[in-house]
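>
Number of protein chains: 2
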Amino acid sequence: MTTPQTDTAPTQGHAANKVLSVDAMGGDQGPATVVAGLSAFLSDEREARVILHGPKAELEPMLAKHRISDRVTIHDASDVVKMTDKPSHVLRNGKKTSMWSAIEAVRERQAAVAVSCGNTGGLMAMSMLRLRKAEGVNRPAIACLWPSRNPSGFNVMLDAGADIRADQDDLLTYALMGASYARNGLDIAQPRVGLLNVGTEEHKGRAELKVAHELIGNAAIIGDFEYVGFIEGGDLPSDKVDVIVTDGFTGNVALKTGEGTATLISELLRGALLKNPLSMFGALLARGSLGRLRKRIDPRRVNGGVFLGLNQTVIKSHGSADATGVAAALHLAYRLAQSGFSDKVAARVASAASLAQDAGTESETDGLNTNTGK
Amino acid sequence: MTTPQTDTAPTQGHAANKVLSVDAMGGDQGPATVVAGLSAFLSDEREARVILHGPKAELEPMLAKHRISDRVTIHDASDVVKMTDKPSHVLRNGKKTSMWSAIEAVRERQAAVAVSCGNTGGLMAMSMLRLRKAEGVNRPAIACLWPSRNPSGFNVMLDAGADIRADQDDLLTYALMGASYARNGLDIAQPRVGLLNVGTEEHKGRAELKVAHELIGNAAIIGDFEYVGFIEGGDLPSDKVDVIVTDGFTGNVALKTGEGTATLISELLRGALLKNPLSMFGALLARGSLGRLRKRIDPRRVNGGVFLGLNQTVIKSHGSADATGVAAALHLAYRLAQSGFSDKVAARVASAASLAQDAGTESETDGLNTNTGK
Numbered sequence: 080m081t082t083p084q085t086d087t088a089p090t091q092g093h094a095a096n097k098v099l100s101v102d103a104m105g106g107d108q109g110p111a112t113v114v115a116g117l118s119a120f121l122s123d124e125r126e127a128r129v130i131l132h133g134p135k136a137e138l139e140p141m142l143a144k145h146r147i148s149d150r151v152t153i154h155d156a157s158d159v160v161k162m163t164d165k166p167s168h169v170l171r172n173g174k175k176t177s178m179w180s181a182i183e184a185v186r187e188r189q190a191a192v193a194v195s196c197g198n199t200g201g202l203m204a205m206s207m208l209r210l211r212k213a214e215g216v217n218r219p220a221i222a223c224l225w226p227s228r229n230p231s232g233f234n235v236m237l238d239a240g241a242d243i244r245a246d247q248d249d250l251l252t253y254a255l256m257g258a259s260y261a262r263n264g265l266d267i268a269q270p271r272v273g274l275l276n277v278g279t280e281e282h283k284g285r286a287e288l289k290v291a292h293e294l295i296g297n298a299a300i301i302g303d304f305e306y307v308g309f310i311e312g313g314d315l316p317s318d319k320v321d322v323i324v325t326d327g328f329t330g331n332v333a334l335k336t337g338e339g340t341a342t343l344i345s346e347l348l349r350g351a352l353l354k355n356p357l358s359m360f361g362a363l364l365a366r367g368s369l370g371r372l373r374k375r376i377d378p379r380r381v382n383g384g385v386f387l388g389l390n391q392t393v394i395k396s397h398g399s400a401d402a403t404g405v406a407a408a409l410h411l412a413y414r415l416a417q418s419g420f421s422d423k424v425a426a427r428v429a430s431a432a433s434l435a436q437d438a439g440t441e442s443e444t445d446g447l448n449t450n451t452g453k
Numbered sequence: 080m081t082t083p084q085t086d087t088a089p090t091q092g093h094a095a096n097k098v099l100s101v102d103a104m105g106g107d108q109g110p111a112t113v114v115a116g117l118s119a120f121l122s123d124e125r126e127a128r129v130i131l132h133g134p135k136a137e138l139e140p141m142l143a144k145h146r147i148s149d150r151v152t153i154h155d156a157s158d159v160v161k162m163t164d165k166p167s168h169v170l171r172n173g174k175k176t177s178m179w180s181a182i183e184a185v186r187e188r189q190a191a192v193a194v195s196c197g198n199t200g201g202l203m204a205m206s207m208l209r210l211r212k213a214e215g216v217n218r219p220a221i222a223c224l225w226p227s228r229n230p231s232g233f234n235v236m237l238d239a240g241a242d243i244r245a246d247q248d249d250l251l252t253y254a255l256m257g258a259s260y261a262r263n264g265l266d267i268a269q270p271r272v273g274l275l276n277v278g279t280e281e282h283k284g285r286a287e288l289k290v291a292h293e294l295i296g297n298a299a300i301i302g303d304f305e306y307v308g309f310i311e312g313g314d315l316p317s318d319k320v321d322v323i324v325t326d327g328f329t330g331n332v333a334l335k336t337g338e339g340t341a342t343l344i345s346e347l348l349r350g351a352l353l354k355n356p357l358s359m360f361g362a363l364l365a366r367g368s369l370g371r372l373r374k375r376i377d378p379r380r381v382n383g384g385v386f387l388g389l390n391q392t393v394i395k396s397h398g399s400a401d402a403t404g405v406a407a408a409l410h411l412a413y414r415l416a417q418s419g420f421s422d423k424v425a426a427r428v429a430s431a432a433s434l435a436q437d438a439g440t441e442s443e444t445d446g447l448n449t450n451t452g453k
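Protein chains in written order, with the numbering used here: chain P, 80 to 453; chain F, 80 to 453.
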């Protein structure tokens, strides 16, 4: 069993903990954008090294141009996973792709964390096939960062859309994995975990949420987190909670709703300020403050969905990410790589799962029964 | 059967179509706020009349102060439904409450639409008991307005939280009711209806969504709407769609997430502009434009969740609504009252339900099977 201490203790400086595996291809902006983001990241992190996956002949001149050839090893891969490829197609025909190669490098422990801007479904399918689910995990999840009123500026929400279903046991696993991610990714010693529902009263919500409410409450000590109970959609950006647990359907809708609302307001704000000369002049005077605000809620700064529940960690960067977005995803990956996160989260979930098994398998049996379809 | 024409044709001017039934009690701000909102509404709508429910001795001086005594009839009711009362308690002990009295007035056709700021669960339970579900409706829904890029400034989303479950048949009913509401409440002759999902591809989403996708597509002609297919969370404020159909769990989370995001950004914007004297001066110059923006996204302007699927229409105003918010809910109620909306939506759903029955009851049997629990 992993004790709470080992989860926050610094790990020994394995060489691989300084190495990231990066898929150069598959993003909407092409490999030049990935390399530009890589260059920005490497100039901030002097000890970091990268394995870059894609067509060598195309990538070599880009690295030379940014003068980062000495810190980047290219793994030549001729094929690319397209945004429109279905997961099943990717699994059958993907062995020569840069995405496959990027995952192989973490599988073989040459690098600690893999990063790709490619197709989410394909990346998750390939990651599950090659890296396998960690012990005690039934459904892996995607964790995203949500701008919040907390000191770190962010909350963690999972599942953001890896699987449209989650039963009570999955939700418990998400709580454990999310708490470990908040500890290692956001540096919060004892994260506060909340379960997303339509009200905060105990009698509200779906049947599996009421059971998960009990399970997560009981796991707070093993998981070294504080359970704050049910929370509502309005609490997603709040400072009441650090980790928000929900199923991938609800999480995906909430994430896209939040992004859509933020985009609408930004557009309306820009439109309002450009409406007349007086407000344009006003905006000019306030531009320093408005710029800082824009940076605070910039979706590129929260770029990086982390796949949790596999034996290694994979980060999905937005397909449309620009160099700033790619660099943000790489910084997040490096932070997790250095903390030895993959091993810690696996140990945490495995220990909780084995304890739950010792305590009797009632809830797990329920879980299997509710897995049928709906 | 109701033809599409009758759904948009003006109804004959029954006296009751000019009368609203308003619960003066149960809001967080007390009856003085409701009466202030009522006064603002009545000065805009010269032909409107109101039946106001609550303790006569308390309300009479308020009406006199606003000089609206001649246009408001008080129905004396001594009890109040509290925000903390559970629906079961309200049903057992609520007969002398102002909320009960407000619903009775529409049940007896003295008024066309009822409005209350009280407890949502209690209001829905009482409305279902007294007004009964309309023919063809299994689960009533709450429709809310969402600020959008559309010319009207709003989209309709339902269910915003009346019921945490919805099967394929419920989702079809929501599409029919939502389209009728958009036609009568937002004046959109042929509303575009979308079904909320985690992606727009046909293979995505839960099983019941794939069936609902078929059902709603087939009902577009009867319902006199255009079906645009699956939409995502980011499309909620878009101009691709007028009516968004989803289950009450997802809808409630999305609604509160959108509100929470908008509130966070407003706070951050205010904070940014007050940060230094230069930006404060800038904000002063831009205040006209910023004020218009604030008004455009003001949640008080979209105040009013409409209960659909009952034999009469009930509007839930925010419990914390101020006079502006109450007036907004009353304006919406009056618009629906004048259009004869309650009868139109009931006729529309009943005709679709009977057509679906003629076409065979396969999907309805599926609906019953999926009603078990989860």
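We treat Cβ as the ideally placed atom computed from N, Cα and C, and that holds for glycine.
Bear in mind the structure is a predicted one, so any value in this text is a computation, not a measurement.
Rounding to the nearest angstrom, what Cα-Cα distance links P:Gly200 and P:Glu126 in this structure?
32 Å
> Note down, in chain order, each residue of its chain lying with its Cβ closer than 7 Å to the Cβ of P:Met178, except the 5 sequence neighbours on either side.
Asp102, Gly105, Val160, Ser195, Gly197, Gly201, Leu202 and Met205
> DSSP state of P:Asn198, grouped into three classes?
coil
> If the cut is a Cβ gap below 8 Å, which residues of chain P does F:Leu334 touch?
Ordered by position in chain P, the residues that pass the 8 Å Cβ test against F:Leu334 are Gly312.
> Note down, one range per segment and in chain order, each beta strand (DSSP E) of at least 3 residues found wholly within the region 294–330 of chain P.
305–310 and 322–324, all fully within the region 294–330 of chain P.
> Given this structure, state the Cα-to-Cα distance separating P:Leu121 from P:Leu250, to the nearest angstrom.
36 Å
> My guess is that P:Ala222 and P:Met236 are in contact by the Cβ rule of under 8 Å, so how many angstroms apart are they, rounded?
7 Å
> On the three-state DSSP scale, how would you describe F:Thr163?
Coil.
> Closer than 7 Å by C-beta to F:Thr176: which residues in its own chain qualify, once you throw out the five before and the five after it? Chain order, please.
Excluding residues within five positions, the ones whose Cβ falls inside 7 Å are Ala156, Asp158, Val159 and Val160.
> Taking Cβ to Cβ, would you say F:Gly312 is nearer than 8 Å to P:Lys335?
yes
> What is the DSSP secondary structure of P:Val216, counted as helix, strand or coil?
coil
> Is there at least one Cβ from chain F nearer than 8 Å to P:Gly367's Cβ?
At least one C-beta of chain F is nearer than 8 Å to the C-beta of P:Gly367.
> Looking at C-alpha atoms only, which residue of P:Leu389, P:Gly384 and P:Gly296 is the closest neighbour of P:Tyr306?
Here the closest residue by C-alpha is P:Gly296.
> Considering F:Lys174, what are the terminal residues of the alpha helix (DSSP H) in which it resides?
Run containing F:Lys174: none; DSSP gives neither H nor E here.
> Any beta carbon from chain F within less than 8 Å of P:Arg371's own beta carbon?
yes
> Do the region 418–429 of chain P and the region 256–276 of chain P meet, that is, are 3 or more Cβ pairs less than 8 Å apart?
yes
> Using a threshold of 8 Å, state whether the C-beta atoms of P:Gly264 and P:Leu415 are closer than that.
Taking 8 Å as the Cβ cut-off, P:Gly264 and P:Leu415 qualify as a contacting pair.
> Would you say the region 265–281 of chain F touches the region 345–356 of chain F, given that touching needs at least three Cβ pairs under 8 Å?
Under the 8 Å Cβ criterion, the region 265–281 of chain F does not count as touching the region 345–356 of chain F, having fewer than three qualifying pairs.
> Check each residue of the region 187–205 of chain P: if its Cβ is closer than 7 Å to any Cβ of chain F, include it; give the result in chain order.
Answer in chain order: no residues at all.
> Using a beta-carbon distance below 8 Å, is F:Thr340 in contact with chain P?
yes
> Does the pairing of the region 141–153 of chain F with the region 107–115 of chain F give three or more beta-carbon distances under 8 Å?
The region 141–153 of chain F, when compared against the region 107–115 of chain F, does touch it at the 8 Å Cβ threshold.
> Excluding the 5 residues flanking P:Ser317 on each side, which residues of the same chain have their C-beta closer than 7 Å to its C-beta?
Ser227 and Arg228
> Tell me which residue opens and which closes the alpha helix (DSSP H) that P:Met359 is part of.
Where P:Met359 is concerned, the enclosing alpha helix (DSSP H) starts and stops at Pro356 to Leu364.
> Taking 8 Å as the cut-off, decide whether the C-beta atoms of P:Arg371 and F:Ala351 are in contact.
yes
> Using CA atoms only, rank isn't needed, just tell me which of F:Thr163, F:Leu142, F:Asp238 and F:Arg373 is closest to F:Gly398.
The shortest C-alpha to C-alpha distance from F:Gly398 to any of F:Thr163, F:Leu142, F:Asp238 and F:Arg373 is the one to F:Thr163.
> Given that P:Ser468 touches chain F, what residues does it touch there, using C-beta distances under 7 Å?
Look at the range of chain P in this structure, 80 to 453, and you will see that residue 468 of chain P is not part of it.
> How would you list, in chain order, the residues of chain P whose beta-carbon sits under 7 Å from the beta-carbon of F:Gly337?
Thr336 and Thr340
> Indicate the three-state DSSP secondary structure (helix, strand or coil) for P:Lys283 in the structure shown.
coil
> Between the Cα of P:Leu369 and the Cα atoms of F:Ala193, F:Gly361, F:Glu139 and F:Asp326, which residue gives the shortest distance?
Ranked by Cα distance from P:Leu369, the first of F:Ala193, F:Gly361, F:Glu139 and F:Asp326 is F:Gly361.
> Roughly how many angstroms separate the alpha carbons of F:Leu347 and P:Gly232, rounded to a whole number?
12 Å
> Hey, does P:Ala119 have any beta-carbon neighbour from chain F nearer than 8 Å?
no
> Per DSSP, what kind of secondary structure is P:Ser100 in: helix, strand or coil?
In the structure shown, the three-state DSSP call for P:Ser100 is strand.
> Within 10 angstroms of its Cβ, does P:Glu124 collect 16 or more other Cβ (buried), or is it exposed?
Classification for P:Glu124: buried.
> Buried or exposed: which applies to F:Lys395, given that a residue is buried once 16 or more other Cβ atoms fall within 10 Å of its Cβ?
By the C-beta density criterion, F:Lys395 is buried, having at least 16 other C-beta atoms within 10 angstroms.
> Run the CB neighbour count on P:Arg218, radius 10 Å, all protein chains shown included, and call it buried at 16 or more, exposed below.
buried
> In angstroms with no decimal places, state the Cα-to-Cα distance between P:Val454 and P:Val98.
Here chain P comprises residues numbered 80 to 453, so residue 454 of chain P is not present and cannot be evaluated.
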